[in-house]
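Please read the structure below before turning to the comments.
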């Protein structure tokens with residue numbers, strides 16, 4: 002950007018992650034020369050980053066201004082809001098604020114990374130707990146979500162108040178927690194809200210997201226319907242309310258519970274340490290579970306998104322101590338996260354091939370979303386009556402649609418932004434005033450590197466086209482190896498022809514070029530690549546090893 006991005010007499014908003022995508026949430030507020038970070042999340046890699054598991058927002062902008070950063074405030078404990086904390090919080094060097102459940106999970110992550118004594122974690126233990134850092138006064142406001150202690154933040158600044166929703170929904174029967182009431186939200190609106198920064202995930206859903214209490218009824222009916230059969234339920238491990246529901250369903254149907262998946266074990270432990278799931282049935286171990294009559298067991302398992310190493314995938318592959326057979330039932334008490342359709346399909350097809358019955362949320366009321374549909378968004382607009390709407394937490398299509406919904410609902414200004422857009426909220430007309438770098442980083446092995454760097458780009462090319470290695474000896478005779486080319490039956494003929502081509506190309510070099518490593522390298526590389534393209538139709542990466550000439 003041309004102008005200095007240090008906030009002085011302005012109130013600024015900047016998303017480095019989570020705007021233009023679902024996941025990897027990192028939001029910054031700037032005021033009086035200081036910055037506040039809300040959430041520090043990550044996302045999981047897909048095929049676009051081969052060999053990589055975790056993806057992070059590039060924090061270069063705030064890292065260069067870390068002396069101006071006051072704190073990191075976490076809204077809730079989902080990985081797309083806290084997952085990057087162990088990788089960046091120590092270097093940012095500021096305190097973290099969170100409610101007890103979230104703080105417990107964060108501390109465990111920091112402990113595993115050996116950073117527990119390097120990051121200050123402050124626990125806000127009271128509902129509607131408040132604290133101040135720099136020019137910001139922050140109040141936690143509990144809202145329903147698909148995890149314990151989902152919170153909005155009310156951020157008071159000299160320029161006005163911001164209502165940052167985090168992830169949320171409306172739920173008259175949330176099972177876990179007591180959300181802020183309609184009356185309380187209306188009173189906040191009466192006092193004035195400058196900007197509503199709001200979750201956009203389910204803006205295209207014309208119906209409310211639904212209540213966790215209704216899921217209890219649906220799951221109970223499904224488990225009762227399959228009496229005498231072994232039932233497995235897969236759900237998001239972090240959904241503490243759903244775990245409570247499943248514990249109740251097991252008790253009501255006379256079934257023992259067996260838990261399969263480390264993330265489920267961890268969430269149950271953290272929940273109980275923080276006052277949740279205190280009446281959850283004591284799980285039985287795998288051996289005991291397999292000895293029970295089929296109709297007396299309810300299995301809770303990870304893997305509803307088709308993760309290959311998760312419990313459900315291993316059970317589907319018959320590579321797990323827990324077993325399902327024809328006639329048993331799997332309830333998918335989850336939603337398909339976009340991008341996971343193929344991996345989920347692989348697991349479901351394996352189960353289907355073995356005669357295992359599957360039930361999803363399309364067939365039965367066994368899952369509700371943790372994000373607001375249109376009626377819930379419209380209700381919140383009416384209670385808060387903000388001057389400005391800033392959609393976040395969504396792809397561009399979601400955020401544009403929420404902007405239109407906000408306009409139709411009478412919100413005076415809508416600012417649809419994306420990662421890297423610097424937005425001025427006050428004073429004056431709100432809107433984008435510039436751009437900053439907002440790239441991606443990936444955890445590649447033990448290193449955090451740019452997602453658009455040469456290592457990842459090369460890996461993509463090798464994945465698509467394969468690789469050919471040419472090693473030249475002291476007499477410039479080539480030895481060739483290839484990986485990933487479709488030449489199984491023709492491989493020897495390809496090697497013979499490529500070897501002849503390389504010798505011929507090097508033989509054409511004259512004078513000084515004959516002893517020049519760069520000239521020999523390029524002649525051999527081009528000859529090998531052309532031969533590979535003739536034989537396979539691929540354009541592989543070619544690596545040539547040239548001796549000292």
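In this note's numbering, the protein residues as written are 2 to 550.
Each residue gets a CB set at the ideal place from its N, CA and C atoms; glycine is no exception.
Model, not experiment: these values are computed from the prediction.
Here residue 350 carries a helix assignment [DSSP, helix/strand/coil]. Counting along the chain, the unbroken beta strand (DSSP E) around residue 36 starts and ends at 35-41. Distances from the alpha-carbon of residue 190 to those of 366, 283 and 382 put 382 closest.
Scanning the segment 427-511 for uninterrupted beta strand (DSSP E) segments of 3 residues or longer gives 432-436, 441-445, 448-451, 468-473 and 479-484, listed from N- to C-terminal end. The three-state reading of DSSP puts residue 277 in coil, since its state is none of H, G, I, E or B. By the 16-neighbour rule on beta-carbons within 10 angstroms, residue 511 is exposed.
Residue 106 carries a helical assignment under DSSP once its states are collapsed to helix, strand and coil. Residue 352 and residue 317 do touch by the CB rule: their CB atoms are close to 5 Å apart, below 8 Å. The beta strand (DSSP E) runs lying completely inside the segment 280-341 and spanning 3 residues or more are 298-302 and 330-334, given in chain order. Ranked by how close their Cα comes to the Cα of residue 473, the residues 500, 429 and 144 have 500 in first place.
Using a Cβ-Cβ distance cut-off of 8 Å, the segment 31-46 and the segment 63-83 are in contact, since at least three pairs of beta carbons, one from each stretch, lie closer than that value. In the structure shown, residue 209 falls within a coil segment according to DSSP collapsed to helix, strand and coil. Counting along the chain, residue 544 sits inside the beta strand (DSSP E) bounded by residues 542-546. DSSP, read as helix, strand or coil, puts residue 18 in strand.
Taking 8 Å as the cut-off, the Cβ atoms of residue 368 and residue 200 do not count as close.
By the 16-neighbour rule on beta-carbons within 10 angstroms, residue 548 is exposed. Closest by C-alpha distance to residue 185, out of 141, 204, 206 and 223, is 141. Assignment of beta-bridge partners to residue 200 by DSSP yields 393.
Annotation: the continuous alpha helix (DSSP H) that includes residue 245 extends over 241-253. A contact is defined here as three or more CB-CB pairs under 8 Å, and the segment 230-250 meets this definition with respect to the segment 264-272. Within its own chain, the residues whose Cβ lies closer than 7 Å to the Cβ of residue 488, once the five positions on either side in sequence are excluded, are 495, 536 and 537, listed in chain order. Annotation: the continuous alpha helix (DSSP H) that includes residue 523 extends over 518-537. Taking the C-beta atoms as reference points, residue 178 is found no nearer than 8 Å to residue 77.
DSSP, read as helix, strand or coil, puts residue 56 in strand.
In the structure shown, residue 143 falls within a strand segment according to DSSP collapsed to helix, strand and coil. About 17 Å separates the Cβ atoms of residue 194 and residue 425, ruling out a contact at the 8 Å cut-off.
Contact holds between the segment 323-332 and the segment 218-232, because three or more Cβ pairs, one in each stretch, are under 8 Å apart.
For a cut-off of 8 Å, the C-beta gap from residue 27 to residue 18 is around 4 Å, short enough to register as a contact. Between residue 248 and residue 281, the CB-CB gap stays under 8 Å. Here the segment 106-120 makes no contact with the segment 47-55; the two share fewer than three CB pairs at distances below 8 Å. For residue 88, the uninterrupted alpha helix (DSSP H) run begins and ends at 86-93, by DSSP. Residue burial annotation: residue 546 is exposed, with fewer than 16 other C-beta atoms found within 10 angstroms of its C-beta. At a Cβ-Cβ threshold of 8 Å, residue 175 and residue 377 do not count as neighbours. Annotated as distal: residue 283 and residue 256, with beta-carbon spacing of 8 Å or more.
In this model, residue 266 and residue 292 are separated by some 21 Å (Cα to Cα). In the structure shown, residue 154 falls within a strand segment according to DSSP collapsed to helix, strand and coil.
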